[in-house]
Amino acid sequence: MKLDSKIPEGPLAEKWTNYKSNQDLVNPANKRKIDIIVVGTGLAGASAAASLGELGFNVKIFCIQDSPRRAHSIAAQGGINATKNYPNDGDSTYRLFYDTVKGGDYRAREANVYRLAEVSSNIIDQCVAQGVPFARDYGGLLDNRSFGGALVSRTFYARGQTGQQLLLGAYGALSKEIHKGSVELFTRREMMDLVVIDGKARGIITRNLINGELEKHFGHAVVIATGGYGNAFFLSTMAMTSNGSAAWQVYKKGAFFGNPNFTQIHPTCIPVPGAPQT
Numbered sequence: 000m001k002l003d004s005k006i007p008e009g010p011l012a013e014k015w016t017n018y019k020s021n022q023d024l025v026n027p028a029n030k031r032k033i034d035i036i037v038v039g040t041g042l043a044g045a046s047a048a049a050s051l052g053e054l055g056f057n058v059k060i061f062c063i064q065d066s067p068r069r070a071h072s073i074a075a076q077g078g079i080n081a082t083k084n085y086p087n088d089g090d091s092t093y094r095l096f097y098d099t100v101k102g103g104d105y106r107a108r109e110a111n112v113y114r115l116a117e118v119s120s121n122i123i124d125q126c127v128a129q130g131v132p133f134a135r136d137y138g139g140l141l142d143n144r145s146f147g148g149a150l151v152s153r154t155f156y157a158r159g160q161t162g163q164q165l166l167l168g169a170y171g172a173l174s175k176e177i178h179k180g181s182v183e184l185f186t187r188r189e190m191m192d193l194v195v196i197d198g199k200a201r202g203i204i205t206r207n208l209i210n211g212e213l214e215k216h217f218g219h220a221v222v223i224a225t226g227g228y229g230n231a232f233f234l235s236t237m238a239m240t241s242n243g244s245a246a247w248q249v250y251k252k253g254a255f256f257g258n259p260n261f262t263q264i265h266p267t268c269i270p271v272p273g274a275p276q277t
């Protein structure tokens, strides 16, 4: 099977700009005719569903917990990087791109990393608009700190609660779209299977975790945003629902699963010999 990552042609720094300028668009009048399924309500899923709903699509989003606020995204603490260069210490799109590729041991897909660096500043603006209380300096501007071995100060943070505050901001945006009617939220649902028609994901089968019933849902597109799978290992500090069940269902239907050994662990998961750890 050939791996096709759908990366646009052209120079690295121009790929996505050229793609956006020439991509096919959906007429606003037709967006209400398109149904999109989003599985997962963490930072990725909630943000995607809120954005797609605001764009005018019909969105169904599925949460394995009783509330999107219980997503494991709350566990992130350090901050989020962007190339705003507020400290004026020489940051740029290329520097963030290079640091990210280097931090990934040069194994990341470079075109996607460059796109990430390009949109990073807009993501911070989006989070601020959603009410995320990032730390600010004495002049009232967003503060930055150096983090993770970067040569510049580009990390935006909210004390040690960055993930939680980002999730609450995304949840607020999602709740607005739910109230508006563009997004429908299904809580306590576990994805049991992916429906593939003519090689394209067109729906999902879910189990209602309250009454055990199986449900089927159709969509013109399916977004899988179900997070990590740390609980596949005996020792993990991830949420118990981070079990990889949805990712496994997608893999069985033909999706590629790259580098499953690249799993983030926490030092407290490493067992120590001798007396019990206190």
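Yeah, the sequence shown ends on 277 if you go by numbering that gives the first Met the number 0, and it's all consecutive.
Cβ coordinates follow ideal geometry from the N, Cα and C atoms, glycine included.
Cβ-Cβ separation, residue j to residue i (assumed contact under 8 Å), whole Å
| i | j | result |
| --- | --- | --- |
| Val302 | Ala48 | The displayed coordinates of the chain run from 0 to 277. Any statement about residue 302 would go beyond what the structure contains. |
| Leu166 | Arg68 | 7 Å |
| Thr161 | Arg188 | About 28 Å separates the two Cβ atoms, so there is no contact after all. |
Residues sharing a beta bridge with residue i, DSSP
| i | result |
| --- | --- |
| Gly202 | Val194 and Phe217 |
| Arg144 | Thr154 |
| Phe185 | Phe61 |
| Ile79 | Phe155 |
| Val38 | Phe61 and Ile223 |
| Asn207 | Arg188 |
| Arg135 | Leu141 |
8 Å Cβ cutoff met for residue i and residue j
| i | j | result |
| --- | --- | --- |
| Lys19 | Ile6 | no |
| Ile79 | Thr154 | yes |
| Gly55 | Pro27 | yes |
| Gln112 | Phe133 | Residue 112 is actually Val in this sequence, not Gln. For Val112 and Phe133, no; Cβs fall outside 8 Å. |
| Gly41 | Ala70 | yes |
| Lys83 | Ile123 | yes |
Delimiting residues of the alpha helix (DSSP H) encompassing residue i
| i | result |
| --- | --- |
| Val112 | Glu109 to Ala128 |
| Pro259 | Unbroken run through Pro259: none, as it is neither H nor E. |
| Leu173 | Thr161 to Lys179 |
Buried or exposed (CB count within 10 angstroms, at least 16 for buried), residue i
| i | result |
| --- | --- |
| Ala254 | exposed |
| Arg114 | buried |
| Gly62 | Here residue 62 is Cys; the residue named in the question, Gly, does not match the sequence. Buried: at least 16 other Cβ atoms inside 10 Å. |
| Leu2 | exposed |
| Val182 | buried |
| Val131 | buried |
| His178 | exposed |
| Asn242 | buried |
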